[in-house]
Amino acid sequence: EKKIAILTSGGDAPGMNAAIRAAAKAAMAKGMKVYGVQRGYLGMLNDEIFPMDSGYVSGIIDRGGTRLLTARCLEFKDPKFRAIAAQNLKKRGIEGLVVIGGDGSYRGADLLSKEHGIKVIGIPGTIDNDIKGTDFTLGFDTCLNTILDAISKIRDTATSHERTILVEVMGRHAGDLALQACIAGGGDGLLIPEMDNPIELLAFQIKERRKQGKLHDIVLVAEGVGRVQDIEAALKEKITTEVRSVVLGHVQRGGTPSGFDRVLATRMGAKAIELLEAGEGGLMVGIENNKIITHPISYAWDGERNYDFRPDYDLALLLAK
Ligand code: ADP
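Taking the working numbering, I'd label the letters of the sequence shown as residues 7 to 327.
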């Protein structure tokens, strides 16, 4: 009987539960024994590992967050602690591990498979969409929709008061959330780290809009660009309309996963188990051109992502006029 374990690590994202469920159910269907590891690598180190039954994953497909809990574990960067954690799996005869997390979690996963021969499969779970080797990460679509909902509400008040409102969204170093929220939310300005974002250009765009009689401006600001308060201060020097800023913050992490994220999570979770059954390890799963594919985990940090921001950025700015 093959034994495998599942953990979630790093920042949480809607869809992680759906991935846990898919992996657990697929593994059970193949006759594997499934373990859950609580609190990511921290729980692996502290031996918080338990046998999972099908009841554990029932009723969670539509729940945000992660039932397995997540944590950050700095000790995991030290080989001595990784050895202890690996031993906690090995003493139970666990040979395969599904890691659902971001690129930091992938680093740990890669080291675990290289140093200790554990077959690790990575599933990209992060709202930021910042992982190379997949067009979409779990949670991105749900988060995007949360931002769109917020934009609609912010626009109501922005219009009534004829304000310019800067909306800071998450994404760490990546501008995907801000860019796609600008396109889908009809945003009026956009600042993302992948592009030059001269404040003069933004100020000019806003003034032009106001000349056309527009009553408000919603500007999407990726957190990777810098503090929105600083941008607000700089913009206030250049325009006369009233400027406010809002940081959406942790609401972006929560909520019931979208249909897209649930389907993606399910396909990825099942693929991870297929790979473990075939004796594979050291791989990440992803979606490219609507196919579930795999890459070596280290592909995730080997060079640039293959998403070209330019066309979508130009489109967003064209329509922001
Ligand atoms: P994410 O997975 O969302 O990118 P983090 O960057 O916080 O989140 O990484 C999650 C965890 O992965 C860290 O707390 C740590 O335990 C592990 N990790 C991150 N980077 C490394 C690394 N270079 N070597 C080993 N483990 C790492």
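Here a beta-carbon is modelled for each residue, glycine too, at the ideal position from N, C-alpha and C.
Taken atom to atom, the span from the alpha-carbon of alanine 35 to that of glycine 292 is near 22 Å.
Counting the other CB atoms within 10 Å of its CB gives serine 111 a total of 16 or more, which places it among the buried residues. Beta-bridge pairing by DSSP links serine 251 to Leu172. Here the alpha carbon of glycine 16 sits roughly 6 Å from the alpha carbon of arginine 78. CA-to-CA, the gap between tyrosine 47 and glutamine 93 works out to about 13 Å. For phenylalanine 82, the Cβ falls inside the 6 Å cut-off from some heavy atom of the ligand ADP.
If you draw a straight line from the Cα of isoleucine 303 to the Cα of glycine 102, it comes to about 15 Å. Residue burial annotation: histidine 167 is exposed, with fewer than 16 other C-beta atoms found within 10 angstroms of its C-beta. Taking all protein chains in view, the Cβ of valine 43 is crowded by 16 or more other Cβ atoms within 10 Å, so the residue is classified as buried. By the Cβ-count criterion, histidine 222 is buried, with 16 or more other Cβ atoms from all chains shown falling within 10 Å of its own Cβ. If you check the C-beta of arginine 78 against the ligand ADP, you find a heavy atom less than 6 Å away. In the three-state reduction of the DSSP assignment, histidine 179 falls in the coil class, being assigned neither a helical nor a strand state. Aspartate 84 is bridged by DSSP to nothing; it lacks a bridge partner.
A heavy atom of the ligand ADP is found nearer than 6 Å to the CB of arginine 113.
Taken in chain order, the complete beta strand (DSSP E) segments of 3 residues or longer contained in the segment 81 to 151 are 102 to 107 and 125 to 130. Taking C-beta separations shorter than 6 Å and ignoring five residues to either side along the sequence, the partners of threonine 300 in its chain run Leu289 and Val291, following chain order. For threonine 132, the shortest C-beta to heavy atom distance toward the ligand ADP is below 6 Å. If you check the C-beta of serine 64 against the ligand ADP, you find no heavy atom less than 6 Å away. Contact between the segment 159 to 175 and the segment 248 to 255 is present: 3 or more CB-CB pairs across the two stretches fall below 8 Å. The straight-line gap separating the alpha-carbon atoms of glycine 71 and proline 20 is approximately 6 Å.
Only residues of its own chain outside the window of five on either side were considered, and among them Thr247 have a CB closer than 7 Å to the CB of arginine 216, listed in chain order.
In this model, glutamate 229 and leucine 150 are separated by some 14 Å (Cα to Cα). In terms of CA proximity to glycine 265, Ala25 leads the group Lys8, Lys86, Ala164 and Ala25.
Taking non-hydrogen atoms of the ligand ADP into account, the C-beta of aspartate 109 is found less than 6 Å away from one of them. Annotation: lysine 83 to leucine 118 spans about 11 Å, alpha carbon to alpha carbon.
For isoleucine 293, the secondary structure class from DSSP, reduced to helix, strand or coil, is strand. For a cut-off of 8 Å, the C-beta gap from glycine 99 to lysine 9 is around 5 Å, short enough to register as a contact. With respect to alanine 29, isoleucine 12 sits close: the two C-beta atoms are nearer than 7 Å.
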